[in-house]
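Student:
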Amino acid sequence: MSVQEPRKHKMSPPRTIAVTGGKGGVGKTSVALNLALTLARQEKRVLLLDGDTDLANVSIMLGLYPERTLANVVAGECRLEDILLEADFGLHIVPGASGVQECMDMEPEDSFRILRALSKLESRYDYVITDTAAGLQPAALHMIAAAELACVVVTPDPASITDAFSLIKVLKRRGYRRTPSVLINMAQGASQARSVFQRLDSAARRHLQCSLHYMGGIWRDETLRQSVLNQRPVALLPVSDPSCRQFSTLADMLDVRLSQSPARKAGIAAYWHSVSKRQPARKQKADTAAPAVASPRERCLQAVGELEAVFGQAPESALLRYDAFTRLFALLGRTPDSDTVEIIQAGLGAIDWEPLVPEQREHLAAHLRHLADEIWVSSDASESEQESSQPVLPEPFYDRISFGDQDKLVRVLKEQPSDISLNNFLRSLAGKENNDG
Ligand SMILES: Nc1ncnc2c1ncn2[C@@H]1O[C@H](COP(=O)(O)OP(=O)(O)O)[C@@H](O)[C@H]1O
Ligand SMILES: [Mg+2]
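Quick note, the working numbering runs 51 ahead of the 1-based positions in the sequence shown.
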């Protein structure tokens with residue numbers, strides 16, 4: 052593939068951004084591609100790394116069908132330059148960039164060859180943007196860690212908020228220290244975008260002791276949806292078009308954010324180089340035969356991995372998750388740990404009850420009552436254990452700001468008849484009159 056050299060020479064390292072999100076279908080690829088095109092249109096040199104393992108990737112959205120990807124470079128079949136695609140406004144794309152993960156499994160000389168080429172390549176650009184795969188797979192987490200800025204795409208869908216929370220939680224657990232930026236996609240308007248952000252931010256502050264940065268919102272937009280089908284991204288429309296303008300605003304927000312911290316000295320290839328050096332010798336590992344019977348711990352870890360994969364395939368099914376949670380509680384002797392309760396509470400706090408059909412409301416209300424029982428049981432237990440006037444529950448169990456007074460909530464939850472309508476139920480929580488049918 053012959054692509055034009057990026058305009059002008061430059062010396063400073065690129066600004067690196069990973070567009071990510073805990074869930075598929077939230078618009079990561081749409082955002083990464085339109086943002087990259089918008090910056091390229093502003094005469095910036097932009098490299099887009101297509102790290103999405105999904106079929107609806109960057110190339111497809113542009114109607115480009117690459118013959119070779121990074122996998123071919125890794126296999127030693129061609130050079131990095133040979134696989135570069137050129138899109139409108141001189142935007143360059145590396146297809147199949149998730150293949151960079153392979154470098155960790157390679158002999159040091161081989162990975163060095165590829166990472167040196169990547170390092171040389173990225174130094175020619177002002178921005179390197181990665182479109183990451185959904186979920187919590189190691190490749191996606193590494194791509195986030197490799198970039199100086201993570202842009203977490205979230206929609207008002209409760210499952211998306213819960214997944215973003217889990218993603219941020221995993222990142223923090225693994226030592227991620229930077230402040231993630233959050234972009235609300237498919238919002239109905241500015242106030243909805245703000246309130247979705249605030250819910251996620253307050254859950255993160257409360258439970259993860261980390262604050263988030265608000266990168267703004269992209270509205271739910273029929274033109275954008277159609278543009279994916281037509282393979283003509285909205286960033287190619289006239290600059291005055293509202294769909295296109297949203298991404299200029301996003302590019303401005305990004306620049307403001309980036310201006311708040313100095314550019315890093317090295318780009319993403321340096322990150323991959325450092326992790327590939329840390330890997331134990333992979334060859335040896337592969338040669339060692341797997342133990343005939345896995346230990347219970349290994350089987351548990353494997354089961355968790357499989358569960359993750361199932362949820363990854365059905366990201367829209369919040370009810371499936373609740374089912375899995377209840378069964379797991381039963382297995383665990385009905386005592387969910389604080390992490391589980393946190394995740395459920397963040398999810399419940401994020402639920403927009405109004406659009407739910409009565410059946411779903413009942414289902415969730417039943418889970419709320421169940422959860423209240425769990426909290427009740429554990430608070431009883433801790434009270435009798437402590438026999439003191441200490442707070443009944445440790446802090447992370449409950450977010451008073453989002454959910455109100457806990458004792459009151461638990462009392463009300465327990466007092467509800469099982470057939471109460473959810474409207475009345477919520478009103479009683481809020482201390483309002485039951486004045487509807
Ligand atoms: N702001 C938006 N308004 C309407 N539809 C959108 C918006 N953003 C994304 N979509 C649609 O959602 C679908 C998933 O988007 P995509 O970018 O592939 O998500 P992801 O990369 O997170 O899986 C696509 O069909 C796309 O057209
Ligand atoms: Mg995608």
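All residues carry an ideal CB built from backbone N, CA and C; glycine is no exception.
Which same chain residues, not among the five before or five after Q282, have their C-beta less than 8 Å away from its C-beta?
Tutor: Counting from 1 along the sequence shown, the entry for residue 282 is found at position 231. I111, M112, L113, G114.
Student: Using CA atoms only, rank isn't needed, just tell me which of A244, L187, L251 is closest to R224.
Tutor: As a working mapping, residue 224 is identified with position 173 in the sequence shown. Checking every option, the nearest Cα to that of R224 belongs to L187.
Student: Rounded to whole angstroms, what's the CA-CA distance from Q311 to V70? Just pull it up for me.
Tutor: Along the sequence shown, one-based indexing puts residue 311 at 260. Along the sequence shown, one-based indexing puts residue 70 at 19. Taking the straight line joining both Cα atoms gives about 19 Å.
Student: Suppose contacts are defined by Cβ-Cβ distances below 8 Å. Is L218 in contact with V233 by that definition?
Tutor: In the sequence shown, residue 218 corresponds to position 167, counting from 1. In the sequence shown, residue 233 corresponds to position 182, counting from 1. Result no, Cβ atoms of L218 and V233 do not sit closer than 8 Å.
Student: Got a sec: does ligand 2 put a non-hydrogen atom nearer than 7 Å to the Cβ of K79?
Tutor: Position 28 of the sequence shown, counting from 1, holds the residue named residue 79. Yes; taking the cut-off as 7 Å, the Cβ of K79 has a heavy atom of ligand 2 nearer than that.
Student: List the whole-angstrom C-beta distance separating P207 from A255, where the pair is believed to meet the contact cut-off of C-beta under 8 Å.
Tutor: Locating residue 207 in the sequence shown gives position 156, where the first residue counts as 1. Locating residue 255 in the sequence shown gives position 204, where the first residue counts as 1. Their Cβ separation, rounded to whole angstroms, is 17 Å, which puts P207 and A255 out of contact at 8 Å.
Student: For T230, which of helix, strand or coil comes out of DSSP?
Tutor: Translated into positions along the sequence shown, residue 230 becomes position 179. Correct three-state label for T230: coil.
Student: Counting along the chain, where does the beta strand (DSSP E) carrying R308 start and finish?
Tutor: In the sequence shown, counting from the first residue as 1, residue 308 sits at position 257. Where R308 is concerned, there is no enclosing beta strand (DSSP E), although the alpha helix (DSSP H) it sits in stretches over 293-310.
Student: Apart from the five residues on each side of it in sequence, which residues of its chain come closer than 7 Å, Cβ to Cβ, to V179?
Tutor: In the sequence shown, residue 179 corresponds to position 128, counting from 1. Closer than 7 Å at the Cβ level, and outside the excluded window around V179, lie P65, T67, L98, L100, E173, G318, I319.
Student: Looking at D306 and ligand 2, is the gap between the Cβ and the nearest heavy atom below 7 Å?
Tutor: Here the question's residue 306 lines up with position 255 in the sequence shown. False, no ligand heavy atom lies under 7 Å from that Cβ.
Student: Which runs of the beta strand (DSSP E) spanning at least 3 residues fall entirely within the segment 164-244, listed in chain order?
Tutor: Taking only runs of at least 3 residues, the beta strand (DSSP E) segments lying wholly in the segment 164-244 are 178-183, 200-205, 232-238.
Student: Note down the Cα distance separating P146 from G240, rounded to an integer number of angstroms.
Tutor: Position 95 of the sequence shown, counted from the first residue, corresponds to residue 146. Position 189 of the sequence shown, counted from the first residue, corresponds to residue 240. Taking the straight line joining both Cα atoms gives about 33 Å.
Student: Consult DSSP for E137 and reduce its assignment to one of helix, strand or coil.
Tutor: What you label residue 137 is simply residue 86 of the sequence shown in a count that begins at 1. In the structure shown, E137 sits in a strand (DSSP, three-state: E or B).
Student: When you measure from the CB of N108 to every non-hydrogen atom of ligand 2, does any distance come out below 7 Å?
Tutor: Here residue 108 refers to the residue found at position 57 of the sequence shown. Yes, since a heavy atom of ligand 2 falls inside the 7 Å radius drawn around the Cβ of N108.
Student: Report yes if the C-beta distance between L88 and L287 is below 8 Å; otherwise report no.
Tutor: Counting from one through the sequence shown, the residue named residue 88 turns up at place 37. Counting from one through the sequence shown, the residue named residue 287 turns up at place 236. Yes.
Student: Reducing DSSP to helix, strand and coil, say where R66 ends up.
Tutor: Sequence index remark: in the sequence shown, residue 66 carries index 15 (1-based). If DSSP states are grouped into helix, strand and coil, R66 belongs with the strands.
Student: Since K74 and S211 are thought to touch, with beta carbons under 8 Å apart, how far apart are those beta carbons, to the nearest angstrom?
Tutor: Taking the first residue of the sequence shown as 1, we reach residue 74 at position 23. Taking the first residue of the sequence shown as 1, we reach residue 211 at position 160. That pair is a contact at about 5 Å.
Student: DSSP on G318, reduced to helix/strand/coil?
Tutor: The residue given as residue 318 occupies position 267 in the sequence shown. If DSSP states are grouped into helix, strand and coil, G318 belongs with coil.
Student: I want to check one thing, is the minimum distance from the CB of D208 to the heavy atoms of ligand 1 below 7 Å?
Tutor: The residue labelled residue 208 in the question sits at position 157 within the sequence shown. Flag unset: Cβ of D208 not near ligand 1.
Student: Taking the C-alpha atoms as reference points, what is the distance between S170 and A360?
Tutor: One-based indexing of the sequence shown puts residue 170 at position 119. One-based indexing of the sequence shown puts residue 360 at position 309. Their Cα atoms are separated by approximately 32 Å.
Student: Helix or strand or just coil, what does DSSP make of M157?
Tutor: Within the sequence shown, numbered from 1, the residue matching residue 157 stands at position 106. Coil.
Student: Tell whether a beta-carbon distance below 8 Å holds between A191 and R229.
Tutor: Against the sequence shown, residue 191 aligns to sequence position 140. Against the sequence shown, residue 229 aligns to sequence position 178. Contact: no.
Student: Are the CB atoms of N236 and I195 within a distance shorter than 8 Å?
Tutor: Stepping through the sequence shown from its first residue, residue 195 is reached at position 144. Stepping through the sequence shown from its first residue, residue 236 is reached at position 185. Contact: no.
Student: With V82 as the anchor, note down where its alpha helix (DSSP H) starts and where it stops.
Tutor: The sequence position of residue 82 within the sequence shown is 31, counting from 1. V82 -> alpha helix (DSSP H) spans 79-92.
Student: Ligand 2 and D105: does the residue's C-beta get closer than 7 Å to at least one heavy atom of that ligand?
Tutor: Taking the first residue of the sequence shown as 1, we reach residue 105 at position 54. Yes.
Student: Cα separation between S325 and H143?
Tutor: One-based indexing of the sequence shown puts residue 325 at position 274. One-based indexing of the sequence shown puts residue 143 at position 92. Cα to Cα, the separation comes out at about 25 Å.
Student: Spatial neighbours of R315 within its chain, please: CB distance less than 8 Å, with the 5 preceding and 5 following residues excluded, ordered by chain position.
Tutor: Sequence index remark: in the sequence shown, residue 315 carries index 264 (1-based). Around R315: P64, T67, E199.
Student: What does the alpha-carbon distance come out to for the pair V77 and G226?
Tutor: Within the sequence shown, numbered from 1, the residue matching residue 77 stands at position 26. Within the sequence shown, numbered from 1, the residue matching residue 226 stands at position 175. Each residue's Cα considered, the two are about 25 Å apart.
Student: Bridge partners for W270 per DSSP, in chain order?
Tutor: The residue given as residue 270 occupies position 219 in the sequence shown. Looking at the DSSP assignment, W270 forms a beta bridge with A238.
Student: Return the residue from the list R96, L166, P159 that minimises the CA-CA distance to L121.
Tutor: Mapped onto the sequence shown, residue 121 falls at position 70. Minimum Cα distance to L121 is reached at L166.
Student: Helix, strand or coil: how does DSSP classify L407 here?
Tutor: Here residue 407 is taken as the residue at index 356 of the sequence shown, counted from 1. Three-state result, L407: coil.
Student: Name, in chain order, the residues that DSSP records as bridge partners for G102.
Tutor: What you label residue 102 is simply residue 51 of the sequence shown in a count that begins at 1. DSSP, once it has assigned bridges, lists T183 as partnering G102.
Student: By the DSSP assignment, the beta strand (DSSP E) with V125 in it spans what residues?
Tutor: Taking the first residue of the sequence shown as 1, we reach residue 125 at position 74. Unbroken run through V125 is the alpha helix (DSSP H), 121-125; no beta strand (DSSP E).
Student: Would you list the one or two residues that DSSP bridges to Y116?
Tutor: Translated into the one-based positions of the sequence shown, residue 116 becomes position 65. According to DSSP, which records beta bridges pairwise, Y116 is partnered with nothing at all.
Student: Assuming R130 contacts A168 under a Cβ cut-off of 8 Å, what Cβ separation, rounded to an integer in Å, is found between them?
Tutor: Walking along the sequence shown from the start, residue 130 turns up at place 79. Walking along the sequence shown from the start, residue 168 turns up at place 117. With 8 Å as the limit, R130 and A168 qualify as a contact, their Cβ atoms being about 7 Å apart.
Student: If we call anything under 8 Å between Cβ atoms a contact, is G72 one with S149?
Tutor: Here residue 72 refers to the residue found at position 21 when the sequence shown is read from its first residue. Here residue 149 refers to the residue found at position 98 when the sequence shown is read from its first residue. No, these two residues do not count as a Cβ contact at 8 Å.
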